[in-house]
Every structure is written in C-alpha cells, then in structure tokens.
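J.: Heads up: the sequence shown runs through residues -25 to -1, 1 to 406, numbered per mature numbering (1 follows the signal peptide of the UniProt record, and there is no 0).
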Amino acid sequence: MECSYCQIMLVIAAVILALQGHASATTKHFKFSVEWKTVTRLCHTKPVLTVNGKYPGPTIAVNEGDNVLVTVTNRVARNTTIHWHGVRQLRTGWADGPAYVTQCPIGQGKTYTYNFTVVDQRGTLWWHAHFSWQRASVYGAFVIYPRLPYPFPFAPSPLVEAPSPIIFGEWWNADVDSVESEMTRYGGGPNSSDAYTINGLPGPLYPCSIKDTFIQSVEQGKTYILRIINAALNDELFFAVANHTLTVVEIDAVYTKPFTTPAIMITPGQTTTVLLTADNPGSTGVFVMAARPYLTSVFPFDNSTTIGYLQYKTKLNGSSSKPLSLPANLPAMEDTPFATRFTNGLRSLASADYPCNVPQTIDKRVVTTISLNLQDCPENQTCKGYLNRRFYASMSNQSFVRPSISILESPLPQPRGPLHVGFPGQSTPHI
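1. Looking only at C-alpha atoms, which of Val118, Glu145, Pro378, Ala111 sits nearest to Ser139?
2. Does Ser132 come out as helix, strand or coil in the three-state DSSP assignment?
3. Go to Val229, then tell me how far its beta strand (DSSP E) extends in each direction, as first and last residue.
4. Comparing C-alpha positions only, which one of Thr235, Val229, Leu251, Phe234 sits nearest to Lys245?
5. Counting only the same chain and skipping the five closest in sequence on each side, list residues whose C-beta sits under 6 Å from that of Asp71.
6. Ordered along the chain, which non-local residues of its own chain (more than five positions away) have a Cβ less than 8 Å from that of Pro80?
7. Count the other CB atoms within 10 Å of the CB of Gln350; is the residue buried (16 or more) or exposed (fewer)?
8. Just verifying my parser: in three-state terms, what is the DSSP assignment at Ala314?
9. What is the rounded straight-line gap between the Cα of Gly144 and the Cα of Ile226?
10. List the residues that DSSP assigns as beta-bridge partners of Ile226.
11. Less than 7 Å between the CB of Leu305 and some heavy atom of the ligand PLP, yes or no?
12. Hey, would you say Val9 sits closer than 8 Å to Asp41, going by beta carbons?
13. Lys6: which of Arg16, Lys12, Asn27 sits nearest, CA to CA?
14. Is the beta carbon of Tyr114 sitting closer than 8 Å to the one on Val47?
15. What does DSSP give as the partner residue(s) for Asn27 in the beta ladder?
16. Take the Cβ of Ser112 as the centre, count every other Cβ of all protein chains shown within 10 Å, and call the residue buried at 16 or more, exposed below.
17. Confirm, please, whether the CB-CB distance from Ser279 to Ala206 is below 8 Å.
18. Rank Pro179, Leu324, Thr235 by C-alpha distance to the C-alpha of Ala266 and give the top, closest one.
19. Which runs of the beta strand (DSSP E) fall wholly inside the segment 326 to 399 and span at least 3 residues, in chain order?
20. Check each candidate in Asp328, Ser385, Gly164 and name the one with the smallest Cα separation from Asn363.
21. Taking 8 Å as the limit between beta carbons, can you name the residues of its chain near Ser184, skipping five residues before and five after?
22. Confirm, please, whether the CB-CB distance from Phe366 to Gly162 is below 8 Å.
23. Beta carbon of Pro306, beta carbon of Phe213: below 8 Å?
24. Locate the beta strand (DSSP E) running through Met308, then write down its first and last residues.
25. Is Gly293 helix, strand or coil when you go by DSSP?
26. If you check the beta carbons only, do Thr155 and Trp108 fall under 8 Å apart?
27. Does the separation of the CB atoms of Ala368 and Ser385 fall below 8 Å?
28. May I ask you to report which of helix, strand or coil DSSP gives Tyr161?
29. Please report the straight-line C-alpha distance between Thr1 and Met308, rounded to a whole angstrom.
30. Given a cut-off of 8 Å on the beta-carbon distance, is the pair Leu251 and Leu221 in contact?
31. Which ranges would you report for the beta strand (DSSP E) in the segment 145 to 189 if only whole runs of at least 3 residues count?
32. Does Ala327 pass the burial test, meaning 16 or more other C-beta atoms within 10 Å, or should it be called exposed?
33. Expressed to the nearest angstrom, what Euclidean distance is found between the alpha-carbon atoms of Pro268 and Trp147?
34. Please list the segments of the beta strand (DSSP E) lying wholly inside the segment 36 to 92, counting only runs of 3 or more residues, in order along the chain.
35. Compare the Cα-Cα distances from Val224 to each of Leu134, Thr86, Val263, Tyr361 and report the closest residue.
Rendered as structure tokens:
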C-alpha cells in the first residue's frame, strides 16, 4: 500500500514538473511558401526561387528555449527542404533538413512542418534550402535572443538591434541549376557568380544597380548589434565599414571575448555578430560598407566587390550622390596576414554565465586530411578542371562514392543495403 502511494506521488510530481516546463516554454509558429518570383539584377530578369516571395527570405526570431514550428509548403515543380544552419537538433534530427539524409524532400504541392526546440543557444544563425543549389536564393536569418535573466552580456548598454541583418549572397545572371549541372558534368569549378550581394542587392559598382543598393540607417551616438551572415555559396569574404570599427562578440551563436577590428573575415555558412558605434557622422553622414572575396588560390573566382551604405539619420539632406570609394580599412583580396590575425583573435567568452568547459586531457589524437584533388579525365569525355582534369574531394584519402539508395531507404528490405547491419527495422515514412 505504501509502495503504491509512493508511486502515485511520483507520477503527480512528474506531471507537475512537465506542466511547469511547458508553461515556461513558448511555441513560435512560422509559415514558409516556397515559390517563384521574377527578379531583375544587373539588367537581367529571371525567375528566382524564394520563400514567401522574398529575396532574401524572412527572418525567424525566437528566444532561447522556444519550441519552433515552421510549416513549409512547396509550390514549385521541384523537390525542396529547409535546413536550420547551426541549430542544435537535440533528439529532433529529422528536423535538420538535409534531403535524403534526415528527411525525404518535400514534393510539389506538399506541406511539411519542422518541429524543434532551441536549446542552450543564443545569437545569430540562418536557414537555407538544402536541395541542390537552391540556397543561392532561398535563405534568411535565424536570430535567437537570450533567455532571461541572462541579457546580452556586452557593454555598453543599452544596445540597439540594427534594423536588418546583413546577409551576403551571390547572383548569377544564368540559371543556377545550369551552373551546377555544368560543374558536375565536366568536373570543373562552378562558373563565377556575376555579383556579390548585400541582402539581395549588388550595389552601385555593378551595371544597372544604383537603385539596387542596401542602406543601413543609424542614429548618432547609439551602439548597434549588426548580425552578419555569409550565405554566399563558395567564397570567404572580407567586410568593412568606412571610418568605423567593428567589435566582434559572437561567432555562429557562440559568444566570444570582444575584440575590436577594422574589418572581419567570414567564411561561407558562417555568422558573425559585431557591435558598431555610430560615433563618426562626418560631414555627409554616408559611409560605404563593402564586402569582397578573400582569394586563397589561383582558380577563377568572382573578384568583384559589393557595397551598401551606412546612413546617419541626423545627416539626411537633399543630395542624392553617394561615395563609391572602397573603405581604406577593407583588406586586399589576398591579405592572408589579416585573415590569420582575425581568426587568431577569436576566443570563447568563458564567463561564469557562459563557461567553456572542454576536456583538458587528450586520450587520442585524430588527424583528418581534407583535400581537393585532380583526377584524369575519362576517355571520350570533356573535363574542365585544372589541366583538363576533373576536381574531386577526399577525406583522409577517401573520396565519396554515391550510394545506390538514400540513407532513408536503407532500412527497407534490400539485398545488401549500406546500413543493413543493425539498422532499425522500422521504415521512415515518405513525404
């Protein structure tokens, strides 16, 4: 009898704790519609794949601990998925988004709801399509605000959230699918993009693009949180704002020890949060902010520069002319010493509220070598890689061999599936 009473009390306590946990969490709902939109850039008009008709797509803003529901409806005649880049999928791996790996793609006219919880993360991340090269235009910011009572841990206070994140991208005048198909068919690098963009806008250094220029408005004396995302497919980028410095405080949703720098270097898929103090309006109140590639090889790259403007509201005047000169603090494209100094300056915050608990003793050292290699061109084929060969990648001298079936189909009855031994017996439902 006493044992039964104890069991009942334990069940009641568990229910109360569960209810308290749900009460403290908030569920945020978002709706994505994957659809075509006609876009004109650089005097070229073409259909571009978008979310909700926006290029870039909408920003998702949540708080640490929130449950996130994103319902995606595919309204185009091709498969798609959405990946939440950098979000820790703890016990929700099926919500991660890579097609054929954690989910079957969302087919035309189909709807799928991603359901996951943001756990122990705060800062700037992003989302993008994870099917073929759709992420060339299907992308947006994913902002996680810290859970109270832990505010943003950096002075000065108060800080002001910038009106818009800064998202770098690439624009091709050609159809992106054709660019990818040619690359895989001939084994060469992808054709260089025709422009870099800031929030989908190339800026006035490109043809027909004066009106397609991003402007970030600021007020004198305020310190802004700038959330910077490199959604470019292939290139590391330098970024700087003329006559202003940037204080790095977070990389990929991990707080860093603040350090001030004239510019940043940001790799593809990476996010960087910086503080910018609007303390130098000058005579015009308009300053160029620019991004261009960090080139580390002899292979062809888009070596152009995209610019936007930092505009002080108190200096608005009737003049429509704006500067075109690049910031003196923008590193040269081959400035490896700056890139090295920048990356060496990154350190974890390691504070009492945000400790950096890592193992201090190494039990086993593992060395992994990732390489870009050249393969002889097969007979009777055309190859467009270096020296008329094909590029291929390898990890520890092993190149990827495409399986005959996807990882999600592996549990189904197969003569000799790649995950046949010990793989769960229950098949994964198709969308």
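We treat Cβ as the ideally placed atom computed from N, Cα and C, and that holds for glycine.
T.: In short, the structure shows the following:
1. Checking every option, the nearest Cα to that of Ser139 belongs to Val118.
2. Note: Ser132 maps to coil in three-state DSSP.
3. 229 to 236 is the span of the beta strand (DSSP E), which, as asked, contains Val229.
4. Contrary to the premise, residue 245 reads as Gln rather than Lys in this sequence. Distance from the Cα of Gln245 is smallest, within the candidate group Thr235, Val229, Leu251, Phe234, for Val229.
5. Exclusion of the five residues before and after Asp71 leaves Gln64, Thr77 as the residues of its chain whose Cβ lies within less than 6 Å of its Cβ.
6. Once the five neighbours on either side are set aside, the close Cβ partners of Pro80 are Asn54, Thr55, Thr56, Ala74, Phe106, Ile406.
7. Around the beta carbon of Gln350, fewer than 16 other beta carbons lie within 10 angstroms, which makes this residue exposed.
8. Looking at Ala314 - three-state DSSP - the assignment turns out to be helix.
9. When rounded, the distance between both Cα atoms is 18 Å.
10. Looking at the DSSP assignment, Ile226 forms a beta bridge with Val229, Thr247.
11. This structure lacks the ligand PLP, and indeed carries no ligand of any kind.
12. Between Val9 and Asp41, the gap from beta carbon to beta carbon reaches 8 Å or more.
13. With respect to the C-alpha of Lys6, the residue from Arg16, Lys12, Asn27 having the closest C-alpha is Asn27.
14. Not closer than 8 Å, so no.
15. In DSSP, Asn27 forms no bridge with anything.
16. Counting of Cβ neighbours within 10 angstroms places Ser112 among the buried residues, the total reaching 16 or more.
17. For Ala206 and Ser279, no; Cβs fall outside 8 Å.
18. Out of Pro179, Leu324, Thr235, Pro179 has the C-alpha closest to the C-alpha of Ala266.
19. Runs of the beta strand (DSSP E) inside the segment 326 to 399: 345 to 350, 365 to 370.
20. When each option's Cα is compared against that of Asn363, the closest is Gly164.
21. Excluding sequence neighbours, Ser184 sits near Arg16, Leu17, Ala170, Leu176, Pro177, Gly178.
22. Contact check for Gly162 against Phe366 passes: the beta carbons are separated by less than 8 Å.
23. Yes.
24. Per DSSP, Met308 belongs to no beta strand (DSSP E) and is neither H nor E.
25. At Gly293 the pLDDT is 48, less than 50, meaning the model places this residue with poor confidence and gives no usable figure here.
26. Sequence check: residue 155 is Glu here, not Thr. Remark: C-beta atoms of Glu155 and Trp108 approach each other more closely than 8 Å.
27. In this structure, the beta-carbon distance from Ala368 to Ser385 does not fall below 8 Å.
28. Correct three-state label for Tyr161: helix.
29. A direct Cα-to-Cα measurement between Thr1 and Met308 gives close to 45 Å.
30. Result yes, Cβ atoms of Leu251 and Leu221 sit closer than 8 Å.
31. Counting only runs of 3 or more, we get 170 to 173.
32. That one is exposed.
33. Their Cα atoms are separated by approximately 16 Å.
34. Listed in chain order, the complete beta strand (DSSP E) runs (minimum 3 residues) inside the segment 36 to 92 are 42 to 49, 57 to 60, 86 to 92.
35. Minimum Cα distance to Val224 is reached at Leu134.
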